[in-house]
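Protein sequence lines correspond, in order, to chains A and B.
Take the first sequence: its letter number 78 is residue 78 in my numbering, and every next letter is one higher.
Take the second sequence: its letter number 294 is residue 671 in my numbering, and every next letter is one higher.
Note that beta-carbon positions come from the ideal geometry of N, C-alpha and C, so glycine has one too.
In this text, all values refer to a predicted model and were calculated from it rather than measured experimentally.
Everything on this sheet refers to the single structure shown next.
There are 2 protein chains.
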Amino acid sequence: MLTKEGCNKRRERLWASLPDSVEWVLISNPRHVKYFSNIWLNPVSFSAGQTVWLHLERSGNATALADNFTLKSLSGEAYVDETVSEIWYDGKNSVENRDSKQAIALKKHFGTLDLRTGAVEEDSLAIAALETIQGKPELNIKLGDVIKFLRRKKEADEVEHLKTCMRACEAGHVAALEYVRAGVTDMDVYRAVHAAVLEEAGRPCVVYGDFRATNAELPKAGGLPIGYTLQDGDLYILDYSVILDGYRSDFTNTIAVGEPSSDQQALMNACIASLEAGEEALRADISCKTIFDLCSDTMVAKGFEPLPSHAGHGLGLEHPEPPAIVANSTDTLLLGDVVTLEPGNYIPGIGGVRIERNYLITESGSENLSHQRIALR
Amino acid sequence: MLTKEGCNKRRERLWASLPDSVEWVLISNPRHVKYFSNIWLNPVSFSAGQTVWLHLERSGNATALADNFTLKSLSGEAYVDETVSEIWYDGKNSVENRDSKQAIALKKHFGTLDLRTGAVEEDSLAIAALETIQGKPELNIKLGDVIKFLRRKKEADEVEHLKTCMRACEAGHVAALEYVRAGVTDMDVYRAVHAAVLEEAGRPCVVYGDFRATNAELPKAGGLPIGYTLQDGDLYILDYSVILDGYRSDFTNTIAVGEPSSDQQALMNACIASLEAGEEALRADISCKTIFDLCSDTMVAKGFEPLPSHAGHGLGLEHPEPPAIVANSTDTLLLGDVVTLEPGNYIPGIGGVRIERNYLITESGSENLSHQRIALR
Numbered sequence: 001m002l003t004k005e006g007c008n009k010r011r012e013r014l015w016a017s018l019p020d021s022v023e024w025v026l027i028s029n030p031r032h033v034k035y036f037s038n039i040w041l042n043p044v045s046f047s048a049g050q051t052v053w054l055h056l057e058r059s060g061n062a063t064a065l066a067d068n069f070t071l072k073s074l075s076g077e078a079y080v081d082e083t084v085s086e087i088w089y090d091g092k093n094s095v096e097n098r099d100s101k102q103a104i105a106l107k108k109h110f111g112t113l114d115l116r117t118g119a120v121e122e123d124s125l126a127i128a129a130l131e132t133i134q135g136k137p138e139l140n141i142k143l144g145d146v147i148k149f150l151r152r153k154k155e156a157d158e159v160e161h162l163k164t165c166m167r168a169c170e171a172g173h174v175a176a177l178e179y180v181r182a183g184v185t186d187m188d189v190y191r192a193v194h195a196a197v198l199e200e201a202g203r204p205c206v207v208y209g210d211f212r213a214t215n216a217e218l219p220k221a222g223g224l225p226i227g228y229t230l231q232d233g234d235l236y237i238l239d240y241s242v243i244l245d246g247y248r249s250d251f252t253n254t255i256a257v258g259e260p261s262s263d264q265q266a267l268m269n270a271c272i273a274s275l276e277a278g279e280e281a282l283r284a285d286i287s288c289k290t291i292f293d294l295c296s297d298t299m300v301a302k303g304f305e306p307l308p309s310h311a312g313h314g315l316g317l318e319h320p321e322p323p324a325i326v327a328n329s330t331d332t333l334l335l336g337d338v339v340t341l342e343p344g345n346y347i348p349g350i351g352g353v354r355i356e357r358n359y360l361i362t363e364s365g366s367e368n369l370s371h372q373r374i375a376l377r
Numbered sequence: 378m379l380t381k382e383g384c385n386k387r388r389e390r391l392w393a394s395l396p397d398s399v400e401w402v403l404i405s406n407p408r409h410v411k412y413f414s415n416i417w418l419n420p421v422s423f424s425a426g427q428t429v430w431l432h433l434e435r436s437g438n439a440t441a442l443a444d445n446f447t448l449k450s451l452s453g454e455a456y457v458d459e460t461v462s463e464i465w466y467d468g469k470n471s472v473e474n475r476d477s478k479q480a481i482a483l484k485k486h487f488g489t490l491d492l493r494t495g496a497v498e499e500d501s502l503a504i505a506a507l508e509t510i511q512g513k514p515e516l517n518i519k520l521g522d523v524i525k526f527l528r529r530k531k532e533a534d535e536v537e538h539l540k541t542c543m544r545a546c547e548a549g550h551v552a553a554l555e556y557v558r559a560g561v562t563d564m565d566v567y568r569a570v571h572a573a574v575l576e577e578a579g580r581p582c583v584v585y586g587d588f589r590a591t592n593a594e595l596p597k598a599g600g601l602p603i604g605y606t607l608q609d610g611d612l613y614i615l616d617y618s619v620i621l622d623g624y625r626s627d628f629t630n631t632i633a634v635g636e637p638s639s640d641q642q643a644l645m646n647a648c649i650a651s652l653e654a655g656e657e658a659l660r661a662d663i664s665c666k667t668i669f670d671l672c673s674d675t676m677v678a679k680g681f682e683p684l685p686s687h688a689g690h691g692l693g694l695e696h697p698e699p700p701a702i703v704a705n706s707t708d709t710l711l712l713g714d715v716v717t718l719e720p721g722n723y724i725p726g727i728g729g730v731r732i733e734r735n736y737l738i739t740e741s742g743s744e745n746l747s748h749q750r751i752a753l754r
């Protein structure tokens, strides 16, 4: 759960990033509404797919705008000074278009404001809002871009919350290591992982990622389970995320079905060496291209192909998010980044192996946030 | 899964509902993109929260607009003629703002069109689209409202898909009747229900609703589990939905923890009588107020208070959706509506009981789509 203090810090950083002439912002991207106010619509609720808008004033005031029903499905406290709720459904009367209610709430609320300069998120704010704010926003400011950059530096409350996601994700990895064997399906493994995650999290959450077996004939596979029955010789890549209130973990182990071959073990050892090479170099101000090269060159030194895709990426409210730890990256690691490293290779005749950990970039280098066992058995 | 034929039928009904002058529409509400093209971003994926826009031409052409990564997370086949995919992430290069990519794709795509009249969903289409379509759309048409009304009449493929959701929901109800007992928590029940739903559905899905105990002291409670340990004398209201590809079930049973009291059984009997009174009257062209009154008056005839909230509502891609089966409803049932009936009452000294079934409105009256056992034990 984010804290009020954390939300205030993030707002301070936002105002410091915008020209002084901007006196208000209207936030419409749901991730950014969460980021600045802790308002998050639980996707495990009847209001999944609805949204709340957030109006922030440089002078400090924060207002949430939504239909009355949407506000029943918040996961956690809303750190705002005021809520403008337009009634959509009261259990007594027929309803009109729910999606139109935010713009109506906005019109009521903004009617009290002068024609001062503000900024909006043009990538997500609905056209219906223009009736109220036409002429007032500064559309030359890419507000979405500004906030996405701010998001890279995780505040203390975000790191604490991410750790909660990590603990639930670890519980699923423990369950999978015990459960994976010949004869069970990839969907059975998903169910076992999901049950263990729910037990640790103590509340409903979303579990998504790669739950697929690879093998000599099908060295690369990803995505949700397909009902395939695991067989001896398979390598099961378990790369998944646990989302709690929008924030997520994302780490990986590969589990051998039956006894791994020496080639499979060699591939796992190369991935571990690659991960360690990247991990040791993680620190603020290093280029992400350098991290990629360290991971990829280590794979080559161990006798395998260079990394076929990214070595890692940023993580938080989105997946993936900047920085990109890739071959041609122009990104540099920042203090407060949370990133994954996930070297993998997918070799015909052997199968696929990928492993992954999540790290916070700290003053002293990095902190490993993910403590699952990385091992084929 | 929706079918290509079903999507085509829905498009035909859309064009028949719009003035002839409208030659194209740009659909941005994710539920409506699904409705007309089967394009649905799996919420159990890394692309949850992203969107796809759908451009339909009266002449028949359909085009999907999205970033390249979003298109990797579709659940099912996309029934479009063309896809305009703007590259956001290729695994090799740093990324820019993902949310800006649809508007860029739109600009590329619409650059080939003349200034013909179209319609957009102003409640969901982002302002960024205006750069391309400014001056071209007919903003006086409430396209979102038009589509929401069309959605009430479910086509055959929608009904078949809803039945898949219902079967998974029934499996969870069977598990709950076996599992609920003193000493387990409401979260334990959620886990048991979720596991049973996953087994029946055969793929990851979202399970949300009310998983809460009521009793003499707390006769009304709703929402997700809170970790409460069930005790003899409680009445556990299990009112939940299973979402598959956006469509959902929504039905309810109330389970007694231990032996129910005679008052609790009398309350359950009143709810059953209320449900049956509404069910017998379900048919096209009857007013929803009449259905509400039948359900509520039956509760009163059985010695309890009138229904404290709705007697039911429409169901499909949203929850609730029209029609509203409420005290002051101005809605009338239509052929093809899918609705719930859910009489309940919450009595201090006894506890809360609610039961619920889902129905399709048919030529001959209605078809019950939900076959869970309704019983306290």
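Nearest-angstrom Cα separation, counted from residue j out to residue i
| i | j | result |
| --- | --- | --- |
| B/VAL536 | B/TYR466 | 37 Å |
| B/MET676 | B/ILE649 | 9 Å |
| A/GLY111 | A/LYS136 | 12 Å |
| B/ARG528 | A/PHE292 | 49 Å |
| A/ILE133 | A/LEU139 | 11 Å |
| B/LEU712 | B/ASP616 | 26 Å |
| A/CYS288 | A/GLN372 | 24 Å |
| B/ASP500 | A/LYS34 | 21 Å |
| A/GLU57 | B/ILE518 | 33 Å |
| A/CYS205 | B/GLU547 | 21 Å |
| A/THR117 | A/SER274 | 50 Å |
| B/LEU448 | A/ALA182 | 33 Å |
| B/LEU418 | A/LEU230 | 27 Å |
| B/ASN592 | B/GLU682 | 17 Å |
| A/THR340 | B/PRO602 | 32 Å |
| B/ARG731 | A/VAL22 | 51 Å |
| B/VAL570 | B/ASN438 | 43 Å |
| A/THR362 | A/PRO323 | 15 Å |
| B/MET378 | B/SER638 | 44 Å |
Limits of the unbroken beta strand (DSSP E) element including residue i
| i | result |
| --- | --- |
| B/GLU698 | 698 to 702 |
| B/PHE628 | 628 to 633 |
| A/ILE361 | 357 to 362 |
| A/LEU369 | Unbroken run through A/LEU369: none, as it is neither H nor E. |
| A/LEU218 | Per DSSP, A/LEU218 belongs to no beta strand (DSSP E) and is neither H nor E. |
| B/ASN722 | 721 to 724 |
| B/GLY729 | 728 to 731 |
Residues that residue i contacts on chain A, provided the C-beta gap is smaller than 9 Å
| i | result |
| --- | --- |
| B/ARG580 | MET187, TYR190, LEU224, PRO225, ILE226 and GLY227 |
| B/VAL497 | ILE127 |
Residues that residue i contacts on chain A, provided the C-beta gap is smaller than 8 Å
| i | result |
| --- | --- |
| B/ILE404 | Those within 8 Å of B/ILE404 in chain A number zero; the least Cβ separation is about 13 Å. |
| B/VAL703 | GLY91, LYS92, ASN93 and SER94 |
Opening and closing residue of the alpha helix (DSSP H) in which residue i lies
| i | result |
| --- | --- |
| B/GLU389 | 381 to 394 |
| B/GLU653 | 639 to 658 |
| B/VAL677 | 665 to 678 |
Listed by chain order, chain B residues near residue i by CB distance under 9 Å
| i | result |
| --- | --- |
| A/PRO320 | PHE423, PHE446, TYR466 and VAL472 |
Listed by chain order, chain B residues near residue i by CB distance under 8 Å
| i | result |
| --- | --- |
| A/VAL206 | PRO420, VAL421, ALA425 and VAL583 |
| A/LEU198 | MET564, TYR567, ARG568 and HIS571 |
Residue i CB to nearest heavy atom of the ligand GTP below 8 Å
| i | result |
| --- | --- |
| B/PRO637 | With respect to the ligand GTP, the structure shown offers nothing to examine, as it has no ligands at all. |
Interface partners of residue i on chain B, CB under 7 Å
| i | result |
| --- | --- |
| A/ASP145 | ASN474 |
| A/LYS148 | ASN474 |
Runs of alpha helix (DSSP H) lying entirely within the stretch 26 to 61 of chain A, each at least 4 residues, in chain order: List check, alpha helix (DSSP H) in window: 30 to 37.
Completely contained alpha helix (DSSP H) runs for the stretch 172 to 211 of chain A, where each covers 4 or more residues: 186 to 201
Length at least 4, wholly inside the stretch 84 to 172 of chain A: the alpha helix (DSSP H) runs in chain order: 101 to 110, 130 to 133 and 143 to 150
Positions along the stretch 163 to 190 of chain A whose CB lies within less than 7 Å of some CB in chain B: MET187 and TYR190
The stretch 123 to 134 of chain A: positions lying closer than 7 Å to chain B by Cβ: ASP123, SER124, LEU125, ALA126, ILE127, ALA128 and LEU130
Within 8 Å of chain B by C-beta, residues of the stretch 67 to 94 of chain A in sequence order: The stretch 67 to 94 of chain A vs chain B, Cβ under 8 Å: TYR89, GLY91, LYS92, ASN93 and SER94.
Residues in the stretch 31 to 56 of chain A having any Cβ partner in chain B nearer than 8 Å: ARG31, ASN42, PRO43, VAL44, SER45, PHE46, ALA48 and GLY49
Within 8 Å of chain A by C-beta, residues of the stretch 703 to 737 of chain B in sequence order: So the list reads VAL703, ALA704, ASN705, SER706, THR707 and ASP708, given in the order they occur along the chain.
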